[in-house]
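Below is one structure, written out as structure tokens, with a few remarks after it.
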Amino acid sequence: MPPFARKLLDWYAHAHRPLPWRDTADPWAILVSEIMLQQTRASVVIPYWQRFLERYPTPAALAVAPEQELLTMWSGLGYYSRARNLQKAAQAITEAGGFRPEYEFLRALPGVGDYTAAAVASIAFGLKHAVLDGNVMRVAARLTCDAGDIGAGVTKKRLQAAVDQLIPASQPGLFNQAMMELGATLCVPRQPQCLLCPVAEFCEGRKAGRASDLPIKLRRATPILEAMTLLIVARDGELLMWQRPADSDRLAGFWELPEAAHLPNVLKTQKLGTVRHGIVNHSYTITVYLAGVPRALPGREKQLKWIKRNQLAELPVSTTSRKAIQLWDKGRES
DNA sequence: AACACGGGGAG
DNA sequence: CTCCCAGTGTT
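When the letters of the first sequence are read in order and numbered with our numbering, they come out as residues 29 to 362.
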């Protein structure tokens, strides 16, 4: 094995964090973990992954799951199209009679792009496909001292070529996991721990004294500030809520507290406070009011419904509404 | 190539 | 509070 891979794998063998999906060889469990880990930290994923696989231990089990149940299982993880695509993927896998150990089969599944296909191909099936996620991009940019903008396609192609050169024919899955682990624990965005790095001797960025300045990221969207008003309309053990339409562009099928516009005639009886919520490049400031119960419920279009509090845990509820309800609960305790 | 999509952790 | 993180699908 080449010296780089040898040094990296020796380090990984004793330094890696004990994450639960590293103890399985089941392609389904590995696929689920990789989908959940897209844009989401490992510590957040762990409890979701465990509950998800208890409920859906096989692709066939997820293939026939009701959508509301699936979204409830995913609620809080974000990027809910991942859940819908994963169900479509489960249906495709079931129809194919199970996983086929080929990169192209995996890559064709809904919600599976270059990264996830390479991760599952290498980790579950031992195929030599190098992953390039955010961690690996950072590691590779430093290793090769590449000062290109990692938002640009050409830079990604260059970095992909670099890791393609480094990945060994044996243990490609462990190599990929080791590269990501290095980026997650030592080769971190700020103040990289080069003194502890097992491959520092190969690092051109470090030799040039530029490791901590890489990678270069040019694009930065300015966050959009938005104000929102949510209403707590409660009667014994029930809350007034509405469900977003199935074709909504975001949070489709999720239950939310009513906004002021849904109940134009209601009295804002008491301001409970504000909660903040940052999503993608939006920053919401949510003012929460405790409101009285209207005499008649308006709106065929908004479909306001009374939801029992103990039912809420079994429904997909947006995090903005959840935070508002938490604020109300907190106020009632004291 | 640009944009939309959630949510959370670190400092 | 502010800054940072970064896969996939669509346009």
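From the three backbone atoms N, C-alpha and C, an ideal C-beta is built for every residue, glycine too.
If you're wondering where the values come from, they're calculated on a predicted model, not measured in any experiment.
Exercise for the section: State the start and end residues of the unbroken alpha helix (DSSP H) segment that holds A111. Expected result: S109 to E123
Problem - Unbroken stretches of the alpha helix (DSSP H), 4 residues or longer, contained in the segment 293–362 - result: 347–361
Practice task
Using three-state DSSP, classify D241 as helix, strand or coil.
Solution key: helix
Handout entry: Where the beta strand (DSSP E) containing R263 begins and where it ends
Key = I252 to R263
Problem - Classification of L134 by the beta-carbon crowding that lies within 10 angstroms, buried from 16 upward - result: buried
Handout entry: Integer-rounded CB distance, given that L332 should sit under 8 Å from H290
Key = 7 Å
Problem - Any 3 or more C-beta pairs closer than 8 Å across the segment 305–322 and the segment 225–243 - result: no
Exercise for the section: Per DSSP, which residues does L267 bridge with? Please list them. Expected result: Looking at the DSSP output, L267 bridges to A262 and I335.
Practice task
Given a cut-off of 8 Å, decide if L343 and W270 are closer than it, judged by their beta-carbon atoms.
Solution key: No, Cβ-Cβ distance for W270 and L343 is not below 8 Å.
Handout entry: Counted within 10 angstroms of its Cβ, other Cβ atoms place H42 as buried (16 or more) or exposed
Key = exposed
Exercise for the section: Determine the DSSP secondary structure at D54, reduced to helix, strand or coil. Expected result: coil
Exercise for the section: State the Cα-Cα distance for the pair I121 and T144, rounded to the nearest angstrom. Expected result: Roughly 15 Å between the two C-alpha positions.
Exercise for the section: For G211, I'd like the list of residues in its chain whose CB is within less than 7 Å of its CB, leaving aside the five on either flank, ordered along the chain. Expected result: N163, V164, R166 and V167
Practice task
Express the C-alpha separation of K156 and A15 in angstroms, rounding to a whole number.
Solution key: Absent from the structure is residue 15, since the part of the chain shown begins at 29 and ends at 362.
Exercise for the section: Name the one or two DSSP bridge partners that W283 has. Expected result: W283 pairs with Q271 and V345.
Handout entry: Within 8 Å, strictly: CB atoms of Q78 and P48
Key = yes
Handout entry: Span of the alpha helix (DSSP H) around H42
Key = P31 to A43 is the extent of the alpha helix (DSSP H) around H42.
Handout entry: Nearest-angstrom beta carbon gap, A33 and F203 [assumed within contact, 8 Å]
Key = Taking the Cβ atoms as the reference, F203 lies roughly 6 Å from A33, within the contact range of under 8 Å.
Handout entry: Q205 vs Y76 beta-carbon contact at 8 Å
Key = Result no, Cβ atoms of Q205 and Y76 do not sit closer than 8 Å.
Exercise for the section: Could you tell me how far apart the beta carbons of Y108 and L114 are, in whole angstroms, since I believe they sit closer than 8 Å? Expected result: Cβ atoms of Y108 and L114 stay farther apart than 8 Å, at about 10 Å.
Problem - Start-end ranges of the alpha helix (DSSP H) lying completely within the segment 148–193, minimum 4 residues - result: 162–171
Practice task
State the Cα-Cα distance for the pair A352 and R50, rounded to the nearest angstrom.
Solution key: 37 Å
Exercise for the section: Please name the residue, chosen from V345, G233, S150 and V216, that lies closest to D192 on a Cα-to-Cα basis. Expected result: S150
Exercise for the section: Report the three-state DSSP secondary structure of L224 (helix, strand or coil). Expected result: helix
Handout entry: Residue span of the alpha helix (DSSP H) that contains G201, given as start and end
Key = Following the DSSP letters along the chain, one finds G201 inside the alpha helix (DSSP H) bounded by residues P200 to T213.
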